[in-house]
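Colleague: Using my numbering, the first residue of the sequence shown is number 7, and each one after it goes up by one.
Note that the Cβ used here is the ideal one computed from N, Cα and C, for glycine as well.
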Amino acid sequence: MATFIISGSRGTDDPTMATLPFMAAKVAKEEGHEVVLWLWNEAVTLARKGTADHITGVNLTPLKELLVTIQSLDVPIWVCGACAVARQIAEEDLVKGATVKGMPDYIKAVAERDRSVVF
7 MATFIISGSR GTDDPTMATL PFMAAKVAKE EGHEVVLWLW NEAVTLARKG TADHITGVNL
67 TPLKELLVTI QSLDVPIWVC GACAVARQIA EEDLVKGATV KGMPDYIKAV AERDRSVVF
């Protein structure tokens, strides 16, 4: 099986694009791949407790349901630290399974993974 880092940059500003990285991470993990979900830019807001409850992309599974599945599959959710600070999101504001990471963590993960998928 492959290793993936799946990155999302869209948040509440674009519910459809915000949902796609979660869908991709879910499918990849269910197919037996190793997955890390990286959220940056506006996507960091999706890791704030309660935000996913209000996001549904066009003709897509509600983000709330995808997040529950991602969490049950133990997919790590990495939140860009600088992006979180800019949006006043602290570690204690994050959903279960989400941790603040820095750009060195992201670059290391990209270098170590077989595939990098960006939304």
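Report yes or no: do the segment 13-21 and the segment 34-47 share at least 3 C-beta pairs separated by less than 8 Å?
Modeller: Because the criterion of three Cβ pairs below 8 Å is met, the segment 13-21 and the segment 34-47 touch.
Colleague: Which one or two residues does DSSP pair with residue 16 in a beta bridge?
Modeller: Answer is none; residue 16 lacks a bridge partner.
Colleague: For residue 111, which residues of its own chain have a beta-carbon under 8 Å away from its beta-carbon, when the five flanking residues on both sides are left out?
Modeller: Closer than 8 Å at the Cβ level, and outside the excluded window around residue 111, lie 84.
Colleague: What does the alpha-carbon distance come out to for the pair residue 82 and residue 103?
Modeller: Going from the Cα of residue 82 to the Cα of residue 103 covers about 6 Å.
Colleague: Let's test the definition: count the other Cβ atoms within 10 Å of the Cβ of residue 135 and tell me whether it reaches 16, buried, or not, exposed.
Modeller: As shown, the chain starts at 7 and ends at 125. That puts residue 135 outside it, with no answer to give.
Colleague: Rounded to whole angstroms, what is the Cα-Cα separation between residue 67 and residue 92?
Modeller: C-alpha separation (whole angstroms): 29 Å.
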